[in-house]
Structure formats: structure tokens, C-alpha cells
Amino acid sequence: MLGFPGAPADVHSMRLAPDDSQVVTPAQRSSRKRKHVKALESRSQLLDAALSSADEANRRWEECRVLLDQLRVENAALRAALSQSQIIPQLPPNPAAQPSQNSQQEKTDQQQLEEATRSLEAVVHNELKGAEAQHQQQNTD
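Position 118 of the sequence shown, counting from 1, maps to 137 under our numbering, and the rest follow consecutively.
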């Protein structure tokens, strides 16, 4: 025994450090291995978290794509209804008569339909931008 706790019984069990300036004991070697294992475990946890985040981003991307498809179908139906309402022949205007309540209601309905279409397009656009940005961020990580 060399005279300190944990020292090897013989000098041959000790190894020289890579720079040959210092002796590395088995205890030091074990300590370095434990630190290396901890670093690897930490990196593994970070990679697991990144993978989970990427999976979540891909799930949201798919949800947004499905939502976009649904909104496109709905938008097409709204546009068809709008164009159908514009095709319906209207009576020639009578300059002496006041606009009827129905024609005012139709104009209001048409304006609301157009406003709803613009709102839907804005929502879809914003959702796509957010999902695309998150998807690109995940791909760069």
C-alpha cells in the first residue's frame, strides 16, 4: 500500500495520464467515467425532449393541414352559395319604390358572408404561418 486511502496495492495497477505528467488511479478513472456517463445521460434527455417536441410539432402541423383542408372546403361552399345568390334574377329596380326589406336583407347577408370568408382566410393564414414556423424550427434543431 502506498500510504493513502484508496491507493492501489501495487504500482502496476495505476496508469499514466495521456500527457504522462500525472498518474491516474482507478478511482480517478472511475470518477471520470461516471462524469462521462452523466454527460451522456444528460444529452440523451435533451435529445428525448427534442424528439418529443418535434413529434408535437409534426402532430400540430398535421392538425393544421387537416383544418386547412376543411376550411378550404367550407370556403368553396360559401363562395358557391354567394355566387348562387348573385345569380338569382332580381326584379328590375323601380326608381319610385323604396328598396324592399328583402333586398336590404340580402345585401346584409352577402356582406356578412364575404366578411366571414375573409375572416376564415385570415385564420387559416395565421394558423399556417405559426405551424410552418414551428415546423421549420424543429427541422433546424
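Idealized CB from N, CA, C, for every residue including glycine. Given the structure is predicted, the values throughout are model-derived calculations rather than measurements.
- Close CB contacts of Ala73 within its chain, under the 6 Å cut and outside five residues either way in sequence, are with Gln157 (chain order).
- Separation of the CB atoms of Leu132 and Leu101 is rounded to 5 Å, and the pair is thereby assigned contact status at 8 Å.
- Rounded to the nearest angstrom, the gap between the Cα atoms of Asp128 and Ala99 is 14 Å.
- Excluding the 5 residues flanking it on each side, Gln64 has no same chain C-beta neighbour closer than 6 Å.
- No Cβ-Cβ contact shorter than 9 Å links His144 with Ala76.
- A Cβ-Cβ distance of about 5 Å is found for the pair Ala150 and Trp80, placing them in contact under the 8 Å criterion.
- Here Leu147 has Cys83, Leu87 as same chain residues with Cβ atoms under 7 Å from its own Cβ, once five neighbours each way along the sequence are excluded.
- Across the structure, Arg137 and Arg78 are spaced so that their CA atoms are roughly 27 Å apart.
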